[in-house]
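Going by the numbering used here, the first residue of the sequence shown is number 341, and it counts up by one from there.
The C-beta atom is built at its ideal place from N, Cα and C for all residues, glycine as well.
Quantities reported herein were computed from a predicted structural model and do not represent experimental measurements.
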Amino acid sequence: MRAYILINTKPGTSEEVVKEIRTSKEAGKIKMADSVYGQYDAVVVLEVEDLKEIMETVYKVIEKNPNIIKTETLISLF
Numbered sequence: 341m342r343a344y345i346l347i348n349t350k351p352g353t354s355e356e357v358v359k360e361i362r363t364s365k366e367a368g369k370i371k372m373a374d375s376v377y378g379q380y381d382a383v384v385v386l387e388v389e390d391l392k393e394i395m396e397t398v399y400k401v402i403e404k405n406p407n408i409i410k411t412e413t414l415i416s417l418f
């Protein structure tokens, strides 16, 4: 199962946020984490077994980060 997590960060912190995500304990589930231009500041791609793992990873790695303002998670259909 693949999920795309779109992230808004506090101004000037996207590079730091992405580095923390890439080096987290859950990094094996994270296939990509990049800072981006546009409506969002960063995007993360997860590959996991089930929805529970997506929720756990988003909570442990992303939502606990104080520099992250908002996230939107997109789950692949196929």
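- Comparing C-alpha distances from R362 to each of K392, L414, K400 shows the shortest one belongs to K400.
- Bounds of the beta strand (DSSP E) holding T411 are 408 to 415.
- Taking every protein chain shown into account, the CB of L386 has 16 or more other CB atoms within 10 angstroms, so this residue is buried.
- Residue range 391 to 397 is occupied by the alpha helix (DSSP H) that includes E393.
- Beyond the five residues adjoining it in sequence on each side, I415 comes within less than 6 Å, by CB distance, of A343 in the same chain, given in chain order.
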